[in-house]
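Protein chains in written order, with our numbering: chain A, 1 to 186; chain B, 1 to 354.
Some notes on the structure that comes next.
As structure tokens, this is what we get:
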């Protein structure tokens, strides 16, 4: 895909429970809100029952063919098994953002891609809620890639979060901003 | 009906299908759980009861299809959904529905076989869906969505066609279309004129009793019944064929693909165009009735076809049956396990473009 057309795909992966499906959903929703074509493909079935959870998000200015991506432009990896599985698949010059609270930066070996370690668990704990590590990662990823506006992410939270969790929207926003500021400070 | 300027939603294909069922006025669901279609019963189990509908988790797929047969006999819109092995169990009931001229929607979000196989996307049920599957000389309306919007739109169409022709209809999708999310406009359809269901079993008070059956033992009766069904299928072939073409006007090679593979192929066709190759796409939307005439007409100009499927060769037979005799039909297939990338299909296009 070339020229003025826009196309980006990202795989997000981690342990089940780290919230990678949620941030994938949120990114896709925000991009849809901005008028992009999007697809979101979660893992389902056997992979979901133990091991890594992952989802693939494609954002494009045009109709999207395959929602399955072999070589992504970017990855957001929350644990070591995900790094082992996906690091080699990132396109040259692509982006590897990983959770350096759980993954030793020495584990990342690629030299031909941009590597961005973010201690998302530590940051989330410091911020008062370890469960929002996923949002810290998303904030950092979006600040880095500028795929969508931060405001679009914030506005999408109420659509993507289950009604039961709407009260947690302000802390989610705070966690996204925390991730964004981390990237700004680099 | 409803909101004509709905907000865009981001939903799974399976959820879009379940929403469409409700919007089509189907309030009766019968099914037995199986991956990768469980989002359909999950959604309907939550949303049907508050609407006064009925959600029944049956004890088996055999029970599901026979519950569907019974519900359809009352004239109400009804459906079941399952995945490949479950659909195999339903074949007897589908044959009885076709024989009794009963409408009803059967959804197959297929998995990979044979046998218990696996849960990865596959198009290995094409033959089963389009060649009957059950016994007897019958046909089923089969629609193959390629996007989440089509999961919605074609489900509504399937109910309409099923009622119009008094014939079971199937949505044939796979894990990819069922599980992925894409924007959906839940634009409720305009109601179309359908024949009254004066055949339905509604209690015979004040009228002659209706009989619904597939057993015909009188001399010549069954033959006449089969001819009647045949006429119905022929009418479907004349009036209900649906397909999509992309960039076929000047094409030297046309890729033929349906459902999930059509969307991957679409990317490949665009990549081929960027390289200056005149390549187009032909996507059947109705798998029965198959767009054989459209394909035949196209083959008067285009002499090379590449059929791409997520199996080792099924729809390619219909492509071969449809095109002119001097046409080359190539095939690229993938057994279950992994989807081809647009670049891999492009490689095949280069090989046969010549």
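Glycine residues also receive a C-beta, built at the ideal position from the N, C-alpha and C atoms.
In this text, all values refer to a predicted model and were calculated from it rather than measured experimentally.
About 5 Å separates the beta carbons of residue 13 of chain B and residue 148 of chain B, which is inside the 8 Å limit, making them a contact pair. In the DSSP assignment, residue 309 of chain B falls within the unbroken beta strand (DSSP E) covering 304-309.
About 6 Å separates the Cβ atoms of residue 121 of chain B and residue 310 of chain B, confirming a contact at the 8 Å cut-off.
Bridge partners of residue 108 of chain B according to DSSP: B:82 and B:172. Straight-line measurement puts the Cα of residue 334 of chain B at about 20 Å from the Cα of residue 353 of chain B.
Counting along the chain, the unbroken beta strand (DSSP E) around residue 9 of chain B starts and ends at 8-12.
For residue 267 of chain B, the neighbours in chain A by C-beta distance under 7 Å run, in chain order, 65 and 66. Between residue 7 of chain A and chain B, the shortest Cβ-Cβ separation is not below 7 Å. At a beta-carbon threshold of 8 Å, the residues of chain A lying near residue 183 of chain B are 32, 37 and 38, ordered along the chain.
Under DSSP, residue 297 of chain B takes part in no beta bridge, so it has no partner. Listed by position along chain B, the residues whose Cβ is nearer than 9 Å to that of residue 155 of chain A form an empty set, because the closest Cβ is around 12 Å away.
Residue pairing by DSSP puts residue 7 of chain A in a beta bridge opposite A:60.
Residue 215 of chain B is classed as exposed because its beta carbon has fewer than 16 other beta carbons within 10 Å across all chains shown. Judged by DSSP in its simplified three-state form, residue 138 of chain A adopts helix. Per DSSP, the unbroken alpha helix (DSSP H) holding residue 130 of chain B starts and ends at 126-130. Only residues of its own chain outside the window of five on either side were considered, and among them 34 and 61 have a CB closer than 6 Å to the CB of residue 82 of chain B, listed in chain order. Taken through DSSP and simplified to helix, strand or coil, residue 47 of chain B comes out as helix. Chain-order list of chain B residues neighbouring residue 41 of chain A: 176, 179, 180 and 181, by C-beta distance under 8 Å. In the structure shown, residue 102 of chain A falls within a coil segment according to DSSP collapsed to helix, strand and coil.
Nearest in C-alpha terms to residue 146 of chain A, of all of A:64, A:42 and A:183, is A:183. The bridge partners DSSP lists for residue 283 of chain B are B:244. Shown in chain order are the members of the segment 9-28 of chain A whose Cβ falls below 8 Å from a Cβ of chain B: 25 and 28.
Secondary structure of residue 93 of chain B (DSSP, three-state): helix.
Taking the CA atoms as reference points, residue 26 of chain B sits about 42 Å from residue 324 of chain B. No Cβ of chain B is located within less than 7 Å of the beta carbon of residue 158 of chain A.
Put simply, the backbone Cα of residue 174 of chain B is about 17 Å away from that of residue 69 of chain A. Within the segment 8-27 of chain B, contact with chain A at the beta-carbon level (separation under 8 Å) is assigned to 8 and 10.
Within the segment 340-351 of chain B, contact with chain A at the beta-carbon level (separation under 7 Å) is assigned to 341 and 342. The DSSP-derived three-state label of residue 177 of chain A is helix. DSSP places residue 17 of chain A in no beta strand (DSSP E); its state is neither H nor E.
Cβ-Cβ separation between residue 64 of chain A and residue 134 of chain A: approximately 24 Å, too far for a contact (criterion under 8 Å). Counting C-beta pairs closer than 8 Å gives three or more between the segment 276-296 of chain B and the segment 128-144 of chain B, which meets the contact rule. DSSP places residue 225 of chain B within a helical segment (H, G or I) once states are collapsed to three. The contact set of residue 70 of chain A on chain B, defined by CB atoms closer than 8 Å, consists of 341 in chain order.
Here residue 164 of chain B is buried: its Cβ has 16 or more other Cβ atoms, across all protein chains shown, within 10 Å.
Contact check for residue 308 of chain B against residue 257 of chain B passes: the beta carbons are separated by less than 7 Å.
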